[in-house]
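Here the structure comes first, spelled out in structure tokens, and everything after it is commentary.
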Amino acid sequence: SRFFRAIIISSEVGADKPDSFIFKRALDLAGVDATQALHVGDDPVHDWQGAAAAGLQVFELKRPQVTLRELVVACAAW
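Counting with this note's numbering, you get residues -7 to 70 for the letters of the sequence shown.
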């Protein structure tokens, strides 16, 4: 991919969100520790639970209320 070093497809790794394995696999492929990553998601069950279980910080994306600018500000504060 032009923008990503790795793309994870749930059927290829044998896990679906919210299983923390899929998030841990993403960390492994990126070569980073959970403390160095931020997961952005809009679904409390599928995004936040699994990411938090994998040790990631989670940013709650409330569509359409949250803007890209708010995300950038939150990331800068993180």
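Cβ atoms here follow ideal geometry from the backbone N, Cα and C, with glycine treated the same way.
Legend entry - At least three beta-carbon pairs within less than 8 Å, the segment -7 to 4 to the segment 25 to 37: The answer is no - the segment 25 to 37 does not touch the segment -7 to 4, with fewer than three Cβ pairs under 8 Å.
Inset, instruction - In the DSSP assignment, find the unbroken alpha helix (DSSP H) run with Phe15 in it and report its ends. - result: Walking along the sequence shown from the start, residue 15 turns up at place 23. Per DSSP, Phe15 belongs to the alpha helix (DSSP H) from 12 to 22.
Inset, instruction - From the DSSP output, read off the bridge partner residues of Gln49. - result: Your numbering for residue 49 matches position 57 in the sequence shown. The secondary-structure analysis by DSSP pairs Gln49 across a beta bridge with Leu30.
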